[in-house]
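In the numbering used here, the protein residues as written are 1 to 318. The beta carbon of each residue, even a glycine, is placed where N, CA and C say it ideally should be. Bear in mind the structure is a predicted one, so any value in this text is a computation, not a measurement. Scroll down for the structure; my scribbles are underneath it.
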Amino acid sequence: MEPLQLTELIRKVRAGTATVAEKDLLEAHWNQSVEDQEFLTGLSETEYSGLGNTMYQNILQTIKTKEDIAAGEEAKVIPLSSNRWIWAAAIVILLVSVMSIWIYTKNSLQIEETAFGNRREIVLPDQSVVVLNGNSSIRYATDWNPEQNREVWIEGEAYFSVKHTKNHQKFIVHTPDKLLIEVLGTKFNVSNRRGITNVVLQEGKVKVSDTESTYVMKPGEMVSYSATRPLLTPQNTNPRAATSWKDNLLLYQDESLDSIANQLHDSYGIEVEFRDTSLKKELFTGSVPADSVDQLFEKFEKLYQTKITKQDNHYIIY
Numbered sequence: 001m002e003p004l005q006l007t008e009l010i011r012k013v014r015a016g017t018a019t020v021a022e023k024d025l026l027e028a029h030w031n032q033s034v035e036d037q038e039f040l041t042g043l044s045e046t047e048y049s050g051l052g053n054t055m056y057q058n059i060l061q062t063i064k065t066k067e068d069i070a071a072g073e074e075a076k077v078i079p080l081s082s083n084r085w086i087w088a089a090a091i092v093i094l095l096v097s098v099m100s101i102w103i104y105t106k107n108s109l110q111i112e113e114t115a116f117g118n119r120r121e122i123v124l125p126d127q128s129v130v131v132l133n134g135n136s137s138i139r140y141a142t143d144w145n146p147e148q149n150r151e152v153w154i155e156g157e158a159y160f161s162v163k164h165t166k167n168h169q170k171f172i173v174h175t176p177d178k179l180l181i182e183v184l185g186t187k188f189n190v191s192n193r194r195g196i197t198n199v200v201l202q203e204g205k206v207k208v209s210d211t212e213s214t215y216v217m218k219p220g221e222m223v224s225y226s227a228t229r230p231l232l233t234p235q236n237t238n239p240r241a242a243t244s245w246k247d248n249l250l251l252y253q254d255e256s257l258d259s260i261a262n263q264l265h266d267s268y269g270i271e272v273e274f275r276d277t278s279l280k281k282e283l284f285t286g287s288v289p290a291d292s293v294d295q296l297f298e299k300f301e302k303l304y305q306t307k308i309t310k311q312d313n314h315y316i317i318y
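As structure tokens, then:
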């Protein structure tokens, strides 16, 4: 259905002059629109949620604008549940516009990804620098409007060195669990693995926000967030240990072997099997080159007097 034809049909339905056949036609178009969600394929959970929020707000604005035009007086927002046809009409119009906007936006998005064990340095449109850890991705617009916020979406782990702009543009990092990390100019690390987001601030100032609270971080702090523990509680940490991976170094400070095994799996695709499960709780402090993981297991063997065998990317600790 052409946009002009659709608009005219909606106008007739709202004016009460539409025939039964025209009402059925609008309802059929509505049903087809909400069922056809192919254009949402490829959206991350964060982007999908953001698009949903935008659609909801635009629905309200669409209804308000239509009332202004029709009545020629101060707009009154009509509750969405009060009129099924207004609700359907607003969303149909919106779906047409949102699909067009999304197709344009998708074409102008830059998506960078890394494989297991790889790192990549990316220069953003504002000359800020992002280093992606292995098995990670980042999305951002290829052209940033100097009057709008700078926004990126990440999955996995990334280190940010953000430039401060003359007009104090905010730089916002979105994570899959809907956490917002807002900065002006600073250096920090964001890791989103296994449903947990960790933000470590190296220098500058970072504001971390969820749906209910906000915390302004100080250098040397880490904030963790997850759906099961949605509290922005800071703790002191060693930023160098959290960010050493970007300098091709794996640095651990009192880290459990179980935690190290999980990190190796997430970034390198390495499987670690503990035949002696008591070793999972052992703490390790030390470092190895990030591209020589075998050295790490050699240190485990000597330090904990255990035996480790390797089959491809599968390490067995006895």
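Delimiting residues of the beta strand (DSSP E) encompassing residue i
i, result
"I154", "R150 to S161"
"K207", "V206 to S209"
"P234", "T233 to N236"
"L132", "V129 to L132"
Start and end residues, alpha helix (DSSP H) containing residue i
i, result
"F116", "Per DSSP, F116 belongs to no alpha helix (DSSP H) and is neither H nor E."
"A261", "L257 to Y268"
"A241", "P239 to T243"
Residues bridged to residue i [DSSP beta-bridge criterion]
i, result
"H164", "Bridge partners of H164: none, in fact."
"T197", "N192 and Y225"
"A141", "L109"
"L251", "S287"
"E203", "K187"
"V123", "V129"
Three-state class that DSSP yields for residue i in the structure shown
i, result
"T214", "strand"
"S292", "coil"
"T309", "strand"
"R275", "coil"
"L283", "strand"
"Y318", "coil"
"E147", "coil"
"L26", "helix"
"L180", "strand"
"G42", "Residue placement at G42 is flagged as unreliable, the pLDDT there being 48, under the threshold of 50; the coordinate-derived value follows with that caveat. Three-state result, G42: coil."
"K170", "coil"
"A21", "helix"
"S82", "Low confidence applies here, because S82 scores a pLDDT of 45, under 50, leaving its location unreliable and the question unanswered by this model."
"N135", "coil"
"Y304", "helix"
Rounded distance between the beta-carbons of residue j and residue i, thought under 8 angstroms
i, j, result
"I172", "R150", "7 angstroms"
"T258", "L283", "Here residue 258 is Asp; the residue named in the question, Thr, does not match the sequence. Contact flag wrong, Cβ pair sits at about 10 angstroms."
"K299", "G286", "6 angstroms"
"V200", "P239", "5 angstroms"
"L184", "K170", "7 angstroms"
"S161", "V129", "5 angstroms"
"T306", "Y315", "That pair is no contact at about 11 angstroms."
Discussion item. Within 8 angstroms, do at least three Cβ pairs link the region 149-169 to the region 123-141?
Written reply: yes
Discussion item. I'd like to know if the region 258-270 and the region 209-218 are in contact, where contact means that at least 3 CB-CB pairs between them fall below 8 angstroms.
Written reply: no
Worksheet entry | Contact between the region 215-226 and the region 161-169 (3+ Cβ pairs under 8 angstroms) | Contact between the region 215-226 and the region 161-169 is absent, because fewer than three Cβ pairs lie under 8 angstroms.
Worksheet item: Does the pairing of the region 270-277 with the region 232-246 give three or more beta-carbon distances under 8 angstroms?
Response: no
Discussion item. Closer than 8 angstroms is the cut-off here; do at least three beta carbon pairs connect the region 188-202 with the region 140-149?
Written reply: no
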